[in-house]
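Okay, structure first, notes after.
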Amino acid sequence: MHTCQDLEVDYIGVIIGKDLIVRNGKVITQPNERAKTNKSLSGYKKLLKENPDLANKYAEAIIKNTYRTLMTRGMKGCYIFCADQETQSYFNSHLVTFLNRPAF
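Just so you know, numbering that gives the first Met the number 0 puts 67 at position 68 of the sequence shown, and the rest follows in order with no gaps.
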């Protein structure tokens, strides 16, 4: 579940579900792991039968945009938790923690 439309906050927490994972440094989207209550991929299964390449590109764009949007809502910072351990390790190894940074 995600909702943060037109909302900016000092800090945001984002839980990355199993619909977005990282394997060997490559981001992989898994539309079938998306919450069944989520309607952002409405029509995906029908399109998948008609045009699999287009359906997968569409789903990938929606999933990546969802997380990008959520992760950029925090003006001062973003906390990330990943349901998938390998994905969590990827983010941990690519993020820099700023300790004792000067106040603006």
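Beta carbons are placed, not taken as given, at the ideal position from N, Cα and C, and that holds for glycine.
A quick note: this is a predicted structure, and the numbers were derived from the prediction, not measured.
Practice task
Label valine 8 either buried or exposed according to how many other C-beta atoms from any shown protein chain fall within 10 Å of its C-beta, with 16 as the threshold for buried.
Solution key: Under this definition valine 8 is an exposed residue.
Exercise for the section: Tell me where the beta strand (DSSP E) around aspartate 9 begins and ends. Expected result: Taken as a continuous stretch (DSSP letters only), the beta strand (DSSP E) holding aspartate 9 covers 8-15.
Practice task
Determine, using beta carbons only, whether threonine 28 and leucine 40 come nearer to each other than 8 Å.
Solution key: It is not a contact, given that the beta carbons lie outside the stated cut-off.
Practice task
Report the three-state DSSP secondary structure of leucine 40 (helix, strand or coil).
Solution key: Correct three-state label for leucine 40: coil.
Practice task
Could you tell me which of Ser92, Gln87, Ala82, Ser88 sits nearest to arginine 33, measuring between CA atoms?
Solution key: It is Ala82.
Practice task
Return the CA-CA distance between leucine 98 and arginine 72, expressed in angstroms with no decimal places.
Solution key: Because leucine 98 sits at a pLDDT of 49, beneath the cut-off of 50, its placement in the model cannot be relied upon, and the point is left open.
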